[in-house]
Amino acid sequence: MKHFFTITLCFSMTFGFAQIDTLQQKMLPMSATIEKPYKVGSVYFKKGTKTPYTGVLYGKFDNGKYLTLQEYKNGIGNGTYINYYENGNPKEVGTYVDNRVEGPVKLYHSNGKLKASGTFKHWKRRTGLWTFYDENGEFIKTISY
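Residue numbers for the sequence shown follow my numbering, so the first one is 1 and each next one is one higher.
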């Protein structure tokens, strides 16, 4: 499966775990699409510049639906990210801090129902209370990490 990456200019975004559609709309003003970025180490740059990129990087599946949306500040993953299933439903919504997944996160089943919610620390290490749900969105259990 091929994925292509494009940068969409987005200079401000309010963080929050509101509805995914609302969050996506805030992240992606579709009128401002630019060329493919380039990466040096772990820092992204707008093609043809030496200035680290600030905005949203996104990838799409071959079917045109989003694979991922990730906010960048000064070329580094800082801000909200959303990963998707190929059917277009959200898979994971969380936050990057200095290119590491940190803070509150929500995971979803492919049918769009909540799968788990909790907090990641130190690049996807579960910490604190995590709540898990079945494919119908029904509570299963809470675990403390």
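By construction, the Cβ of each residue, glycine as well, lies at the ideal position given by its N, Cα and C atoms.
Treat the numbers as computed from the prediction; the structure is a model and nothing was measured.
Within the DSSP bridge table, the entry for Glu92 names Asn83 and Leu107 as partners. If you draw a straight line from the Cα of Thr131 to the Cα of Asn111, it comes to about 18 Å. Val105 sits away from Glu86, with the two beta carbons spaced by 8 Å or more.
For Gly128, the enclosing beta strand (DSSP E) begins and ends at Arg125 to Tyr133. For Phe61, there is no enclosing beta strand (DSSP E), since its DSSP letter is neither H nor E.
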